Amino acid sequence: MADYAGRLPVATPESQPYWDGLKEHKLMLPTCDDCGPHFYPRPFCPMPKCFNWDIKWTQASGKGKVHTFVISHQPIPPYNTEDNAPPYVIAVIELEEGPRMMSNLIIDDPYSTTVDMDVEIVFDDVTDEVTLPKFKPA
Amino acid sequence: MDQIRHKVAIVGAAETDDLGQLPHMSRLALHAQAAKNALDDAGMSLADVDGLLCAGAIPNEVAEYLGIQPRYIDGTSVGGCSFMIHVRHAVAAIMAGYCDVALITHGESGRSGVDAPRGGSASSPGGQYEAPFAIGGAPTTFSIPVLRHFHEYGTTKEHLAHIAAATRAWANLNPMAMMGSHRRAPERGGGPITPQDVLNSRMICYPFNLLDCCVVADGGGALVLVSEERAKDFAKDPVYVLGAGEAAAHWMVSQMRDHTTADGYRIAGEAAYKSAGLGPQDIDHCMFYDAFTFTPLMAAEDLGFVPKGEGGPFFAETKTGPDGEVIYKSGPGGDFPMNTNGGGLSYCHTGMYGMFAIVESVRQLRGECGDRQVPDVNVSMAHGPGGMFASAGTIILSNA
Ligand SMILES: [Zn+2]
Numbered sequence: 001m002a003d004y005a006g007r008l009p010v011a012t013p014e015s016q017p018y019w020d021g022l023k024e025h026k027l028m029l030p031t032c033d034d035c036g037p038h039f040y041p042r043p044f045c046p047m048p049k050c051f052n053w054d055i056k057w058t059q060a061s062g063k064g065k066v067h068t069f070v071i072s073h074q075p076i077p078p079y080n081t082e083d084n085a086p087p088y089v090i091a092v093i094e095l096e097e098g099p100r101m102m103s104n105l106i107i108d109d110p111y112s113t114t115v116d117m118d119v120e121i122v123f124d125d126v127t128d129e130v131t132l133p134k135f136k137p138a
Numbered sequence: 139m140d141q142i143r144h145k146v147a148i149v150g151a152a153e154t155d156d157l158g159q160l161p162h163m164s165r166l167a168l169h170a171q172a173a174k175n176a177l178d179d180a181g182m183s184l185a186d187v188d189g190l191l192c193a194g195a196i197p198n199e200v201a202e203y204l205g206i207q208p209r210y211i212d213g214t215s216v217g218g219c220s221f222m223i224h225v226r227h228a229v230a231a232i233m234a235g236y237c238d239v240a241l242i243t244h245g246e247s248g249r250s251g252v253d254a255p256r257g258g259s260a261s262s263p264g265g266q267y268e269a270p271f272a273i274g275g276a277p278t279t280f281s282i283p284v285l286r287h288f289h290e291y292g293t294t295k296e297h298l299a300h301i302a303a304a305t306r307a308w309a310n311l312n313p314m315a316m317m318g319s320h321r322r323a324p325e326r327g328g329g330p331i332t333p334q335d336v337l338n339s340r341m342i343c344y345p346f347n348l349l350d351c352c353v354v355a356d357g358g359g360a361l362v363l364v365s366e367e368r369a370k371d372f373a374k375d376p377v378y379v380l381g382a383g384e385a386a387a388h389w390m391v392s393q394m395r396d397h398t399t400a401d402g403y404r405i406a407g408e409a410a411y412k413s414a415g416l417g418p419q420d421i422d423h424c425m426f427y428d429a430f431t432f433t434p435l436m437a438a439e440d441l442g443f444v445p446k447g448e449g450g451p452f453f454a455e456t457k458t459g460p461d462g463e464v465i466y467k468s469g470p471g472g473d474f475p476m477n478t479n480g481g482g483l484s485y486c487h488t489g490m491y492g493m494f495a496i497v498e499s500v501r502q503l504r505g506e507c508g509d510r511q512v513p514d515v516n517v518s519m520a521h522g523p524g525g526m527f528a529s530a531g532t533i534i535l536s537n538a
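In order, the protein sequences belong to chains D and U.
Under my numbering, the first residue of the first sequence is numbered 1, with each subsequent residue one higher.
Under my numbering, the first residue of the second sequence is numbered 139, with each subsequent residue one higher.
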């Protein structure tokens, strides 16, 4: 895991709870009492008429749907080795709670992916420090 | 009707001497050469310039490099549509008296990478929430909305392939176009292509095959704008700005509100139509930024040329010419002349292609386009996105 070749995120103070949650295999979403959860993490509610700075972290179910996707044939790290070669799926997942997020779909045949298919979260511990939220067919 | 209509004109427009693979030229040298060519086109000198607008460079960088001290600057750099937005800002600046002669420059070593800044912070939203999922530049992100559009409206890869074939047909009429028959031999992929050729080309990132994607090039372009009164004194006919619009809709493509509608296109387009006092039915010629085949389809829909969801069948419509040749909807001889320089797909794409779209609008309005000249062009629209449908800029230009 130490030689993970993909690009790694670096948390900011505001996003630290999100990445800490993933490390514990929990998908935590910043949530406004009035408007619900949002993605990506900001320290306020990004609804222009709300802009409330009283945010709580709530755990998402990890269930969702493929909102849209592509199948990349590019050898982009970490999909650049014999064991982990392209093609691979980059998808926008619509979470059950509403927000959408970019991820990868872990699926044997990328071309069997369909828009609106049900998926669930997979916690990919790519390094000792970083866990990425990925998805697989539900 | 808005007060900007017909108040400012483009009096100079040009590319760099060459486009394509230019490893002997840096980013800033491309800015400078484009500036020289646009000023020559206007019959002006650098000493006349007192307003400078640029993208992909800090205005001070370009000003110092050129040796000028402008009294108006704008470094709006939001991707390929930055230059449409610069035109809009230049109109306002000239009307306000902030400057008299606005120079807009673009230079990008998109292929050779000579002083080409790359990559962002791993702590930025993009660095945290998109980059870790093996995003590899525009082919893996500009493609993201497409399958949702296919799903909602029945758009197909065959539909998109017609746009590539039509655009290549224009490139074959433009001596500067990288993939046109003038510059590239058939055995190296140049010259005419069919929709089937597009579908048969190498898969880059489904749903985009190689020929759904723009070329990757080095190059630059520039524009010179002055007030309407002053524009009458030039050797070439002025090209007036009738209307303009801009918008910032999102940044990361995963956060696009609706992946089948570019909100930015709609906001920018509505502002451009309103200020010009025109609608889609009044536009004779369209330059719709084509980083990929899907990009101009979205423009045709969101700018009101075709109802939402009907862009695919619209562009896939063909007719047969007098010699039995296929005439594509947006190609030479078609009913919807679009991307007549050969587009980002087949002419040139540096990374921020919007400048070249505007240069072609100016040339079509001046009647300078030779074999590819569209008859009776009086009103042209140049429109583009910045980022992955993230921002947008729309301008409506006229020769009268
Ligand atoms: Zn709220």
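Backbone N, C-alpha and C fix where the C-beta goes; we use that ideal spot for every residue, glycine too.
Computed from a prediction, not measured in an experiment: that's the story for all the values here.
Taking all protein chains shown into account, do 16 or more other C-beta atoms lie within 10 angstroms of the C-beta of ALA138(D), making it buried, or fewer, making it exposed?
The residue given as residue 138(D) occupies position 138 in the first sequence. By the Cβ neighbour-count rule, ALA138(D) is exposed, with fewer than 16 other Cβ atoms within 10 Å of its own.
Any C-beta of chain U sitting closer than 7 Å to the C-beta of THR68(D)?
Taking the first residue of the first sequence as position 1, residue 68(D) is located at position 68. Among the CB atoms of chain U, one or more fall inside 7 Å of the CB of THR68(D).
Return helix, strand or coil for ILE76(D), following the three-state DSSP convention.
On the first sequence, position 76 is the one that residue 76(D) refers to. Three-state result, ILE76(D): coil.
Does any residue of chain U have a CB that is nearer than 7 Å to the CB of ILE119(D)?
Taking the first sequence and counting its residues from 1, the one referred to as residue 119(D) is at position 119. According to the sequence provided, residue 119(D) is Val. The question's Ile does not apply to it. Answer no: the Cβ-Cβ gap between VAL119(D) and chain U never drops below 7 Å.
If you draw a straight line from the alpha carbon of MET1(D) to that of PHE430(U), how long is it in whole angstroms?
Sequence index remark: in the first sequence, residue 1(D) carries index 1 (1-based). Sequence index remark: in the second sequence, residue 430(U) carries index 292 (1-based). Note that MET1(D) has pLDDT 48, beneath the 50 cutoff, so the model's placement of it is unreliable and the number below is only indicative. Rounded to the nearest angstrom, the two C-alpha atoms are 36 Å apart.
Mind reading off the beta-carbon distance from LEU361(U) to ILE148(U)? Whole number of angstroms is fine, and I expect it under 8 Å.
On the second sequence, position 223 is the one that residue 361(U) refers to. On the second sequence, position 10 is the one that residue 148(U) refers to. Sure, about 6 Å apart at Cβ, within 8 Å.
Am I right that ALA307(U) and PRO330(U) are in contact with their C-beta atoms under 8 Å? What's the rounded C-beta distance?
In the second sequence, residue 307(U) corresponds to position 169, counting from 1. In the second sequence, residue 330(U) corresponds to position 192, counting from 1. Going by Cβ atoms, the distance from ALA307(U) to PRO330(U) rounds to 7 Å, so yes, they are a contact pair.
Take SER247(U) as the anchor and find which of HIS169(U), VAL500(U) and ALA260(U) has the nearest alpha-carbon.
Residue 247(U) sits at position 109 when you count from the first residue of the second sequence. Out of HIS169(U), VAL500(U) and ALA260(U), HIS169(U) has the C-alpha closest to the C-alpha of SER247(U).
Could you check the C-alpha separation between TRP57(D) and ARG404(U) for me, to the nearest Å?
Start at 1 with the first residue of the first sequence, and residue 57(D) comes out as number 57. Start at 1 with the first residue of the second sequence, and residue 404(U) comes out as number 266. Their backbone Cα atoms lie some 35 Å apart in a straight line.
Quick check on this structure: which residue in GLN207(U), SER220(U) and LEU503(U) has the alpha carbon closest to the alpha carbon of GLY524(U)?
Taking the first residue of the second sequence as position 1, residue 524(U) is located at position 386. The option with the nearest alpha carbon to GLY524(U) is SER220(U).
By how many angstroms is the C-alpha of ALA60(D) removed from the C-alpha of PRO77(D)?
Here residue 77(D) is taken as the residue at index 77 of the first sequence, counted from 1. Here residue 60(D) is taken as the residue at index 60 of the first sequence, counted from 1. When rounded, the distance between both Cα atoms is 28 Å.
Under a CB-based cut-off of 7 Å, is PRO270(U) close to chain D?
One-based indexing of the second sequence puts residue 270(U) at position 132. So yes, PRO270(U) belongs to the interface.
Run through DSSP, which three-state label would ILE232(U) get?
Stepping through the second sequence from its first residue, residue 232(U) is reached at position 94. ILE232(U) falls in the helix class under three-state DSSP.
What whole-angstrom Cβ distance do PRO91(D) and ASN104(D) have, given they're in contact under 8 Å?
Taking the first residue of the first sequence as position 1, residue 91(D) is located at position 91. Taking the first residue of the first sequence as position 1, residue 104(D) is located at position 104. Contrary to the premise, residue 91(D) reads as Ala rather than Pro in this sequence. Yes, ALA91(D) and ASN104(D) are in contact; Cβ-Cβ is about 7 Å, under 8 Å.
Looking at C-beta atoms only, is the number of pairs between the segment 520-535 of chain U and the segment 279-286 of chain U that lie closer than 8 Å three or more?
By the criterion of at least three beta-carbon pairs nearer than 8 Å, the segment 520-535 of chain U is in contact with the segment 279-286 of chain U.
Is it buried or exposed for TYR491(U), if we count other Cβ within 10 angstroms and need 16 for buried?
If you number the second sequence from 1, residue 491(U) lands on position 353. With 16 or more Cβ atoms within 10 Å of its Cβ, TYR491(U) is classed as buried.
Using a Cβ cut-off of 8 Å, pull out every chain C residue sitting near LEU285(U), in sequence order please.
The chain inventory of the structure shown lacks chain C, comprising the protein chains D and U.
Own chain, CB closer than 6 Å to MET139(U), minus 5 neighbours either side, in chain order
The residue labelled residue 139(U) in the question sits at position 1 within the second sequence. Because the pLDDT at MET139(U) is just 48, under 50, the model does not fix this residue reliably, and the value given afterwards should be weighed accordingly. Answer for MET139(U): GLY415, listed in chain order.
Can you check DSSP and say which residues form a bridge with GLY64(D)?
Within the first sequence, numbered from 1, the residue matching residue 64(D) stands at position 64. LEU95(D) and VAL119(D), per the DSSP bridge assignment.
Report yes if the C-beta of ASP54(D) is less than 6 Å from at least one heavy atom of ligand 1; otherwise report no.
The residue labelled residue 54(D) in the question sits at position 54 within the first sequence. No, the beta carbon of ASP54(D) sits no closer than 6 Å to any heavy atom of ligand 1.
Should GLU94(D) and GLY62(D) be called a contact, given that it needs their Cβ atoms to be closer than 7 Å?
Indexing the first sequence from 1 puts residue 94(D) at position 94. Indexing the first sequence from 1 puts residue 62(D) at position 62. Going by C-beta atoms, GLU94(D) is not nearer than 7 Å to GLY62(D).
Measure the C-alpha to C-alpha separation of GLU202(U) and VAL225(U) and round it to an integer number of angstroms.
Indexing the second sequence from 1 puts residue 202(U) at position 64. Indexing the second sequence from 1 puts residue 225(U) at position 87. Going from the Cα of GLU202(U) to the Cα of VAL225(U) covers about 22 Å.
PHE39(D) by DSSP, collapsed to three states: which one?
Along the first sequence, read from residue 1 onward, the residue named residue 39(D) stands at position 39. It is coil, neither helix nor strand.
Which whole runs of the beta strand (DSSP E) in the segment 170-240 of chain U are 3 residues long or more, in chain order?
Every beta strand (DSSP E) stretch that sits fully inside the segment 170-240 of chain U and reaches 3 residues is listed by chain position as 189-192 and 210-212.
Three-state class that DSSP yields for ASN338(U) in the structure shown
Start at 1 with the first residue of the second sequence, and residue 338(U) comes out as number 200. Looking at ASN338(U) - three-state DSSP - the assignment turns out to be helix.
Could you check the C-alpha separation between LYS136(D) and PRO13(D) for me, to the nearest Å?
In the first sequence, counting from the first residue as 1, residue 136(D) sits at position 136. In the first sequence, counting from the first residue as 1, residue 13(D) sits at position 13. One C-alpha to the other measures close to 30 Å.
Can GLU439(U) and GLY449(U) be called in contact, C-beta distance under 7 Å?
Walking along the second sequence from the start, residue 439(U) turns up at place 301. Walking along the second sequence from the start, residue 449(U) turns up at place 311. In this structure, GLU439(U) sits near GLY449(U), with a CB-CB distance shorter than 7 Å.
In chain D, what lies closer than 9 Å to MET341(U) by C-beta?
As a first step, residue 341(U) must be located in the second sequence, where it is residue number 203. Residues of chain D passing the Cβ test: ILE71, HIS73 and PRO87.
Rounded separation between ALA228(U) and GLY381(U) - CA only
Start at 1 with the first residue of the second sequence, and residue 228(U) comes out as number 90. Start at 1 with the first residue of the second sequence, and residue 381(U) comes out as number 243. Roughly 12 Å between the two C-alpha positions.
Every unbroken alpha helix (DSSP H) inside the segment 346-391 of chain U [4 residues or more]:
Listed in chain order, the complete alpha helix (DSSP H) runs (minimum 4 residues) inside the segment 346-391 of chain U are 366-369.
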